[in-house]
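Going by my numbering, the first residue of the first sequence is number 1, and it counts up by one from there. Glycine included, every Cβ here is placed at the ideal spot set by N, Cα and C. As the structure is a computational prediction, the values presented were derived from the model and not from experiment. Read the structure below first, then the notes.
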Amino acid sequence: MRIVSWNINSVRLRAPLVEKLVAEISPDVICLQETKCPNDSFPEKIMHKLGYPHIAKNGVKGYHGVATLSRVPIVESHIVDYCKKGDGRHIETIFDTASGPLSVHNFYVPAGGDEPDPEINEKFAHKMAFLAQMTKIFKAQAKQKTKLQSVILGDFNIAPGEHDVWSSKALKNTVSHTPIEIEKLAALQATLDWDDVARRFVPPEEKLYSWWSYRARDWAASNRGRRLDHIWVTPKLTDKVKDYQILTDGRGWERPSDHAPLWIDLDVG
DNA sequence: ATGGTGGGACACCCA
Numbered sequence: 001m002r003i004v005s006w007n008i009n010s011v012r013l014r015a016p017l018v019e020k021l022v023a024e025i026s027p028d029v030i031c032l033q034e035t036k037c038p039n040d041s042f043p044e045k046i047m048h049k050l051g052y053p054h055i056a057k058n059g060v061k062g063y064h065g066v067a068t069l070s071r072v073p074i075v076e077s078h079i080v081d082y083c084k085k086g087d088g089r090h091i092e093t094i095f096d097t098a099s100g101p102l103s104v105h106n107f108y109v110p111a112g113g114d115e116p117d118p119e120i121n122e123k124f125a126h127k128m129a130f131l132a133q134m135t136k137i138f139k140a141q142a143k144q145k146t147k148l149q150s151v152i153l154g155d156f157n158i159a160p161g162e163h164d165v166w167s168s169k170a171l172k173n174t175v176s177h178t179p180i181e182i183e184k185l186a187a188l189q190a191t192l193d194w195d196d197v198a199r200r201f202v203p204p205e206e207k208l209y210s211w212w213s214y215r216a217r218d219w220a221a222s223n224r225g226r227r228l229d230h231i232w233v234t235p236k237l238t239d240k241v242k243d244y245q246i247l248t249d250g251r252g253w254e255r256p257s258d259h260a261p262l263w264i265d266l267d268v269g
């Protein structure tokens, strides 16, 4: 099962790029973030035509919004309204596999504004509270962690490692790479011993990015990226992950998102 | 130290 995570930055504007994604890597499940689209105007027919008859979505007008598209049936879907703001930042889909149920949590974590201080910046406070609630919810599943087949993925808006950013020194006080965010992300990761798939396929000392700002003359030449997007799996799935890749080419498509799609191949029968 | 470029909705928010 090939599972993609992609912050598409408007699903209506970039529906043609989903077609390109499908042509290039043919995913079974596509998890989108920043759909910026209410549920009733989601381009369902286009996605059906591309081979994704099963769609679970949590969209609101204008901002954020997530959706999960699938070739195979979605057995259940659940939404948690994190921080009770009515945002579209989470949707869980559950699939039947030969080795049991598989849960895929699709997240769009708040970006957090510019100032990394929750006292003066409401957006940063929201980001901290959102991460705390995620941690609480997954901690509650810790007793079953050896049995769970779960994937958590999406735009976490945090690049934790030294080589997940172009310059750890330059960005140490920049939201997405501050010590407090890195600490909160580590606490979330510890809840179920989530495995950061990327760093088993790409050595930690190698630079790895999933996002490049629009505000560069030439994103590829300057290459000042950050790894804000993640795919983590529970320990039971670790050995079933057969491949991982960031489709960097996607950042260079016509009228691109500022995030590249990334994917895993999961051998779940 | 600053400002650069893109979304969506409707004059400015968000990334």
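Measure the alpha-carbon distance for residue i versus residue j and round it to whole angstroms.
i: Lys-45; j: Arg-12; result: 12 Å
i: Asp-28; j: Met-1; result: 6 Å
i: Phe-138; j: Ala-129; result: 14 Å
i: Gly-113; j: Lys-123; result: 5 Å
i: Ile-276; j: Thr-248; result: A question about residue 276 goes unanswered here, because the residues of the chain that appear run from 1 up to 269.
i: Trp-232; j: His-126; result: 22 Å
i: Leu-262; j: Ile-3; result: 8 Å
i: Gly-252; j: Gln-245; result: 16 Å
i: Pro-118; j: Leu-171; result: 18 Å
i: Val-72; j: Asn-173; result: 43 Å
i: Asn-121; j: Glu-115; result: 6 Å
i: Glu-19; j: Thr-234; result: 30 Å
i: Ser-103; j: Ser-5; result: 14 Å
i: Val-109; j: Ser-77; result: 19 Å
i: Asp-40; j: Val-151; result: 27 Å
i: Asp-164; j: Asp-96; result: 33 Å
i: Lys-57; j: Cys-37; result: 10 Å
i: Val-75; j: Gln-133; result: 25 Å
i: Ser-270; j: Pro-160; result: An answer regarding residue 270 cannot be provided, because it is not within the stretch 1 to 269 covered by the chain.
i: Glu-183; j: Leu-131; result: 10 Å
i: Arg-255; j: Arg-14; result: 8 Å
i: Asp-243; j: Arg-217; result: 32 Å
i: Glu-306; j: Arg-226; result: This structure cannot settle anything about residue 306, because the visible part of the chain is limited to 1 through 269.
Roughly how far, in whole angstroms, is the beta-carbon of residue i from the beta-carbon of residue j, given that I think they are within contact range, below 8 Å?
i: Gly-154; j: Phe-201; result: With 8 Å as the limit, Gly-154 and Phe-201 do not qualify as a contact, their Cβ atoms being about 18 Å apart.
i: Asp-196; j: His-230; result: 7 Å
i: Asn-7; j: Ser-257; result: 6 Å
i: Ala-142; j: Thr-191; result: 6 Å
i: Lys-145; j: Asp-193; result: 6 Å
i: Thr-135; j: Ala-187; result: 5 Å
i: Val-22; j: Gly-51; result: 7 Å
i: Leu-228; j: Ile-158; result: 7 Å
Quick one: what does DSSP say residue i is sitting in, helix, strand or coil?
i: Val-268; result: coil
i: Arg-251; result: helix
i: Ser-176; result: coil
i: Ser-26; result: coil
i: Ala-11; result: Correcting the residue identity first, residue 11 is Val in this sequence and not Ala. Coil at Val-11, not helix or strand.
i: Ser-41; result: helix
i: Gln-144; result: helix
i: Gln-149; result: coil
i: Ile-3; result: strand
i: Asp-155; result: strand
i: Leu-272; result: Only positions 1 to 269 of the chain appear in this structure, which leaves residue 272 out of reach.
i: Leu-131; result: helix
Worksheet entry | the segment 21-35 touching the segment 53-69, judged by at least three CB pairs closer than 8 Å | yes
Worksheet entry | Segment contact flag, the segment 70-89 with the segment 196-215, C-beta cutoff 8 Å, min 3 pairs | no
Worksheet item: Which runs of the beta strand (DSSP E) fall wholly inside the segment 183-247 and span at least 3 residues, in chain order?
Response: 229-233, 241-246
Item to complete: Could you say if the segment 178-196 and the segment 216-223 meet the contact criterion of at least three C-beta pairs nearer than 8 Å?
Response: no
Worksheet entry | Within the segment 51-124, ranges of the beta strand (DSSP E) (whole runs, at least 3 residues) | 54-58, 66-70, 76-78, 90-97, 100-108
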